[in-house]
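One structure is given below, encoded as structure tokens.
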Amino acid sequence: MLFKDKIYGEIEITEPVVLELINTPQMQRMKKIHQYGIYYYFNPKGDTTRYEHSLGVYWILRKFGADLNEQLAGLLHDISHGVFSHVLDHLFGSLVEEDYQDKLHSSYFENTEISRVLTKHGSNPSEIADLSRWPLLDNELPNICADRLQYTLGDAVTIGKISQQQAKELMDNLTVANSQFIFSNKVIAREFAQLSLWMCQNFWHPNWGHYCFAWIAEIMKSALEKGVLEKSDLASDDDSVIQLLENCNDEEIRSEMNRLKNFHPEKVVESEDEYDYAASHTKMRVIDPFVELNGSIKTVSEVYPEFKEAFRKEKERVNRPRYLKLVS
1121 MLFKDKIYGE IEITEPVVLE LINTPQMQRM KKIHQYGIYY YFNPKGDTTR
1171 YEHSLGVYWI LRKFGADLNE QLAGLLHDIS HGVFSHVLDH LFGSLVEEDY
1221 QDKLHSSYFE NTEISRVLTK HGSNPSEIAD LSRWPLLDNE LPNICADRLQ
1271 YTLGDAVTIG KISQQQAKEL MDNLTVANSQ FIFSNKVIAR EFAQLSLWMC
1321 QNFWHPNWGH YCFAWIAEIM KSALEKGVLE KSDLASDDDS VIQLLENCND
1371 EEIRSEMNRL KNFHPEKVVE SEDEYDYAAS HTKMRVIDPF VELNGSIKTV
1421 SEVYPEFKEA FRKEKERVNR PRYLKLVS
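Quick note on my numbering: the sequence shown kicks off at 1121 and runs consecutively.
Next up, the structure:
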């Protein structure tokens, strides 16, 4: 199978268990789960899917020598994402950790085609589902891991912040030691850290991002209360829910969807006196990666005081409440 990776271009996947898993209904559903929730609805050019992201994470783990089970865990790590990804954290109140889907993760391995395929190939589904077993795939922020590595570089390429060649050069400077990604060059490590800072400020957690997530969550809450959506729809896919909302008989919901489709991010401002949504503190996603320097391992913030200060300020920003309004 040929796959067009955001960082490495066309790659070939030949591992039988991986190919079988990709063809399961659960993985195929990920083609219709968008990485950044409702962003794609008003900005299709900046879109990527959980399917693309998951295959990219698998490929990174394979490239850096993770064992097959960790590669499989990477392929399947986002399988439990519901519609519009982290929008459900807004709907169900899991903003600080953004972990609504994590709480459901193991259940997606039970009595599904995924469980059958893993068992057939000699892997234990419950072990694959336990992300704490796989330190290259997932670890504590602000450390780097395959998941964060892929969405930082892959998404930066998607929105045109960096080129595919730049992403590849950043990736190729990494090595792995003691189940940890480590940069070999401090300047390149700083470049990656600064990129993650920019992405957090401008794409992952900008004010307009919080606004549109809160907006679609409010629409969905209303749709659930009115019977336009059933709770089971939240486990379907983005396109299906969009169709239900756009084509329902409720004029208010249709009108809100039309307004959202014509959303202009630059029109979101902070206004404590009069606001539409209050954005509470959320998950800080800036990465402070390790770099080898004269035989010792340091973080970028330990090597570059200016990044340490920028990191502190961004953490303060994402942790403070923001009162947001859409102006005409």
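C-beta atoms are modelled at their ideal positions from N, C-alpha and C, and glycine is treated no differently.
Being a predicted model, the structure only gives us computed values, none of them experimental.
Could you pull the start and end residues of the beta strand (DSSP E) that residue 1445 belongs to?
As a working note, residue 1445 is residue 325 in the sequence shown. Start and end: 1442-1446.
Since residue 1157 is in the alpha helix (DSSP H), which residue starts that stretch and which ends it?
Counting from one through the sequence shown, the residue named residue 1157 turns up at place 37. Taken as a continuous stretch (DSSP letters only), residue 1157 belongs to no alpha helix (DSSP H), as it is neither H nor E.
If you compare alpha carbons, which of 1448, 1348 and 1309 is closest to residue 1269?
Against the sequence shown, residue 1269 aligns to sequence position 149. For residue 1269, the nearest C-alpha among the options comes from 1309.
Distance, residue 1374 Cα to residue 1367 Cα:
Along the sequence shown, read from residue 1 onward, the residue named residue 1367 stands at position 247. Along the sequence shown, read from residue 1 onward, the residue named residue 1374 stands at position 254. Straight-line Cα distance between these residues: approximately 7 Å.
Kindly confirm or deny that the stretch 1292-1302 and the stretch 1251-1261 touch, where touching means at least three C-beta pairs closer than 8 Å.
yes
Check whether the Cβ atoms of residue 1211 and residue 1337 lie closer than 8 Å to each other.
On the sequence shown, residue 1211 is found 91 positions in, with the first residue counted as 1. On the sequence shown, residue 1337 is found 217 positions in, with the first residue counted as 1. Cβ distance < 8 Å, so residue 1211 and residue 1337 count as in contact.
Nearest by alpha-carbon distance to residue 1175: which of 1160, 1198 and 1161 is it?
Residue mapping note: residue 1175 aligns to position 55 of the sequence shown, counting from 1. Among 1160, 1198 and 1161, the Cα nearest to that of residue 1175 belongs to 1198.
Quick check: the stretch 1393-1404 against the stretch 1433-1446, are there 3 or more CB pairs under 8 Å?
Taking 8 Å as the limit for Cβ pairs, the verdict is that the stretch 1433-1446 does touch the stretch 1393-1404.
Does the beta-carbon of residue 1432 have 16 or more other beta-carbons within 10 angstroms, so that it is buried, or is it exposed?
Along the sequence shown, read from residue 1 onward, the residue named residue 1432 stands at position 312. Classification for residue 1432: exposed.
Between the stretch 1404-1411 and the stretch 1354-1370, do three or more beta carbon pairs fall short of 8 Å?
no
Alpha carbon to alpha carbon, how far is residue 1164 from residue 1448? Give it in angstroms, no decimals.
If you number the sequence shown from 1, residue 1448 lands on position 328. If you number the sequence shown from 1, residue 1164 lands on position 44. Taking the straight line joining both Cα atoms gives about 22 Å.
List the whole-angstrom C-beta distance separating residue 1168 from residue 1278, where the pair is believed to meet the contact cut-off of C-beta under 8 Å.
Taking the first residue of the sequence shown as 1, we reach residue 1168 at position 48. Taking the first residue of the sequence shown as 1, we reach residue 1278 at position 158. Rounded, the Cβ-Cβ distance is 5 Å, consistent with contact.
Which whole-angstrom value describes the C-beta separation of residue 1293 and residue 1248, a residue pair presumed to lie in contact below a C-beta threshold of 8 Å?
Counting from one through the sequence shown, the residue named residue 1293 turns up at place 173. Counting from one through the sequence shown, the residue named residue 1248 turns up at place 128. Going by Cβ atoms, the distance from residue 1293 to residue 1248 rounds to 30 Å, so no, they are not a contact pair.
What is the DSSP secondary structure of residue 1397, counted as helix, strand or coil?
Here residue 1397 refers to the residue found at position 277 when the sequence shown is read from its first residue. If DSSP states are grouped into helix, strand and coil, residue 1397 belongs with the strands.
Just to confirm the assignment, what range does the beta strand (DSSP E) spanning residue 1295 have?
To locate residue 1295, count along the sequence shown from 1; it is residue 175. Looking at the DSSP string, the run of the beta strand (DSSP E) that includes residue 1295 is 1294-1297.
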